[in-house]
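Residue numbers (full-length UniProt numbering): 1 to 325. Notes follow once the structure below has been shown.
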Amino acid sequence: MFNFVEPPNAFYDFENILTQDEWQKKQGWFRDRITELNSDVIGFQEVFSPNVLKALVNELGYAYFCTVDEPKSEDGYVFNSPVVAFASRYPILNAQPVIAEQLQLERFGIEFEFNRIPVHASIELPHLGITDCYVVHFKSQRPKEPEVNNEIDEERLSPLNQLHDEQLGSWLSTAQRGLEANILHNHIIQQRKKTNQAVVVMGDFNKPLFHDEFKGLLSHELRFDKFSSDYLAQFQLKDSWDIYGELKGIDLLEKRAYTHYHGAKGSVLDYILLSNEFDSSFSSNILEVVDYTVTDKHIVNPTFDIDQFSTDHALVSITARIRQA
Numbered sequence: 001m002f003n004f005v006e007p008p009n010a011f012y013d014f015e016n017i018l019t020q021d022e023w024q025k026k027q028g029w030f031r032d033r034i035t036e037l038n039s040d041v042i043g044f045q046e047v048f049s050p051n052v053l054k055a056l057v058n059e060l061g062y063a064y065f066c067t068v069d070e071p072k073s074e075d076g077y078v079f080n081s082p083v084v085a086f087a088s089r090y091p092i093l094n095a096q097p098v099i100a101e102q103l104q105l106e107r108f109g110i111e112f113e114f115n116r117i118p119v120h121a122s123i124e125l126p127h128l129g130i131t132d133c134y135v136v137h138f139k140s141q142r143p144k145e146p147e148v149n150n151e152i153d154e155e156r157l158s159p160l161n162q163l164h165d166e167q168l169g170s171w172l173s174t175a176q177r178g179l180e181a182n183i184l185h186n187h188i189i190q191q192r193k194k195t196n197q198a199v200v201v202m203g204d205f206n207k208p209l210f211h212d213e214f215k216g217l218l219s220h221e222l223r224f225d226k227f228s229s230d231y232l233a234q235f236q237l238k239d240s241w242d243i244y245g246e247l248k249g250i251d252l253l254e255k256r257a258y259t260h261y262h263g264a265k266g267s268v269l270d271y272i273l274l275s276n277e278f279d280s281s282f283s284s285n286i287l288e289v290v291d292y293t294v295t296d297k298h299i300v301n302p303t304f305d306i307d308q309f310s311t312d313h314a315l316v317s318i319t320a321r322i323r324q325a
């Protein structure tokens, strides 16, 4: 949502306040895109005003909305910690935060909390029944900042030390993303083991999926036991782009549309991962991914008057239908 915050509240800095006209344009842009995409379930990131978003999607026919956390602010109106949310046309039967399993943390001696708490929503979907849906916004690539020390240390301000701090901070951000992905995966497979319900994971991963920190989300085989995949395959998640490409016979080496640009450099940061109920390579699959769409005109060829207050990410959507015999 790229800082969806109702004025007079601000995001990150007291100067970041939209005028009423700008706020109306931002809401209008999302209203138009949601209507065009016509999705049944939508995951949102960077939400600072969830009550306003809930009212907006309700007007568009999404009777169900959930989040599991509150946006945080330092002084009541400058917000610095957004939340993620779901909107659905179908009943959201339950919504809960994804919380790390304490025993697992203790076994590895880890202190951990999510940068932004994922939502786990149980949604009653056609053909699939109750489906475990997750919306995430993993830790950004911004390097973690060192603790502020009021005593000025000239040596610490040298370019060499600043370089080291920046590199260490970047690695700590990577480690945080990896922990978030693995803690989420543990929650997903424990839920899957308990209910055997289909799984959908969507959101901003803040790094391409092939990076090491996300291996845990896609793994389905023990390192020294190749036969373990026979059992673990039922817990596997796959990128919906790969599932779509395999069904359609598309060359997966073909250039994939980027979902975010940093200057002129494009990256795929936004994903929808699916369980094998959506994968036609499994004989037991129920649905097929028949379309994969990246809505990106607002970032690759924007019209200023229309897209000025849109979002800095492309919108990723898929269409799934009942499996054809």
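Backbone N, C-alpha and C fix where the C-beta goes; we use that ideal spot for every residue, glycine too. For clarity, every value in this text was computed on a predicted model and none was experimentally measured.
(message) Does T19 come out as helix, strand or coil in the three-state DSSP assignment?
(response) Sequence index remark: in the sequence shown, residue 19 carries index 19 (1-based). Looking at T19 - three-state DSSP - the assignment turns out to be coil, as it is neither helix nor strand.
(request) With DSSP as the reference, label S173 as helix, strand or coil. (result) The count along the sequence shown starts at 1 and reaches residue 173 at position 173. Looking at S173 - three-state DSSP - the assignment turns out to be helix.
(message) On the DSSP letters alone, give me the boundaries of the alpha helix (DSSP H) that Q104 sits inside.
(response) Position 104 of the sequence shown, counted from the first residue, corresponds to residue 104. Counting along the chain, the alpha helix (DSSP H) containing Q104 begins and ends at Q102 to F108.
(request) Starting from the C-beta of R291, find all residues in its chain whose C-beta is less than 7 Å away, skip the five residues before and the five after it, and write them out in chain order. (result) Here residue 291 refers to the residue found at position 291 when the sequence shown is read from its first residue. Before going on, a small fix: residue 291 reads as Asp here, not Arg. Cβ neighbours of D291 beyond the five flanking positions: I318 and T319.
(request) Can you check DSSP and say which residues form a bridge with T293? (result) The residue you call residue 293 lines up with position 293 of the sequence shown. According to DSSP, which records beta bridges pairwise, T293 is partnered with S317.
(request) Could you tell me if F210 is buried or exposed, where buried requires 16 or more neighbouring beta carbons within 10 angstroms of its beta carbon? (result) As a working mapping, residue 210 is identified with position 210 in the sequence shown. Label assigned to F210: exposed.
(message) If distances are taken between C-alpha atoms only, which option among T131, E113, P71 and E106 comes closest to P91?
(response) Counting from one through the sequence shown, the residue named residue 91 turns up at place 91. The residue with the shortest Cα to Cα distance from P91 is T131.
(request) Find the nearest neighbour of L315 within the set I117, G216, I17 and F44, judged by alpha-carbon distance. (result) Residue numbering aside, residue 315 sits at position 315 when the sequence shown is read from its first letter. Measuring from the Cα of L315, the nearest candidate turns out to be F44.
(request) Please classify N94: does DSSP put it in a helix, a strand, or coil? (result) For this step, residue 94 is matched to residue 94 along the sequence shown. Strand at N94.
(request) Report buried or exposed for Q27, applying the criterion of at least 16 other Cβ atoms within 10 angstroms of its Cβ. (result) Reading the sequence shown from its first residue, position 27 is the one you call residue 27. Buried is the call here.
(message) Relative to the C-alpha of S281, which candidate in A233, T259 and S267 has its C-alpha closest?
(response) By one-based count along the sequence shown, residue 281 stands at place 281. That would be A233, whose Cα lies nearest to the Cα of S281.
(request) State buried or exposed for L250, treating a residue as buried only when at least 16 other CB atoms are found within 10 Å of its CB. (result) The residue given as residue 250 occupies position 250 in the sequence shown. Note on identity: in this sequence residue 250 is Ile, with Leu being the wrong assignment. Counting Cβ neighbours within 10 Å, I250 comes out exposed, since fewer than 16 surround it.
(request) May I ask you to report which of helix, strand or coil DSSP gives Y244? (result) Numbered from 1 along the sequence shown, position 244 holds the residue referred to as residue 244. DSSP places Y244 in helix when its eight states are reduced to three.
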